[in-house]
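Here is the structure we will look at, set down as structure tokens.
Residue numbers (my numbering): 8 to 98.
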């Protein structure tokens, strides 16, 4: 009797472990204007007079600690040890 009662409980437990349906991934947006600034990759950060760090711009140097929060309106500019821009993206 105990075994027959255990089977439905086990089936429910296994059903709860099934992954949920995955939703379609959203296409990345360009709210920060990163697409227009891709030409900066390979350039020296010091030569970019129009870039001033603030709420909507983050210049990320090697080994620098940054928060993992995503802000679609913030432009992230990664530079290497020499100050050369290696990546430009929103976040």
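Quick reminder that beta carbons are idealized off the backbone N, C-alpha and C, glycines included.
*asked:* For residue 78, tell me which candidate among 55, 89, 36, 48 has the shortest Cα-Cα distance.
replied: Checked all of 55, 89, 36, 48; the closest Cα to residue 78 is 36.
*Which residue comes first and which comes last in the beta strand (DSSP E) that contains residue 65?*
In this chain, the beta strand (DSSP E) harbouring residue 65 covers 64–67.
*Nearest CA to the CA of residue 41: which residue from 56, 69, 81?*
Answer by Cα proximity: 81.
*Is it right to say residue 14 is buried, meaning 16 or more other beta carbons lie within 10 angstroms of its own, or is it exposed?*
Exposed: under 16 other Cβ atoms inside 10 Å.
_Status (buried if at least 16 other CB within 10 Å, exposed otherwise) for residue 95_ = Label assigned to residue 95: buried.
*asked:* I need the DSSP call for residue 59, collapsed to helix, strand or coil.
replied: Coil at residue 59, not helix or strand.
*Quick one: what does DSSP say residue 85 is sitting in, helix, strand or coil?*
In this structure, residue 85 counts as strand in the three-state DSSP scheme.
_Strand pairing of residue 2, partner residues [DSSP]_ = A query on residue 2 cannot be resolved here, the shown segment of the chain reaching from 8 to 98 and no further.
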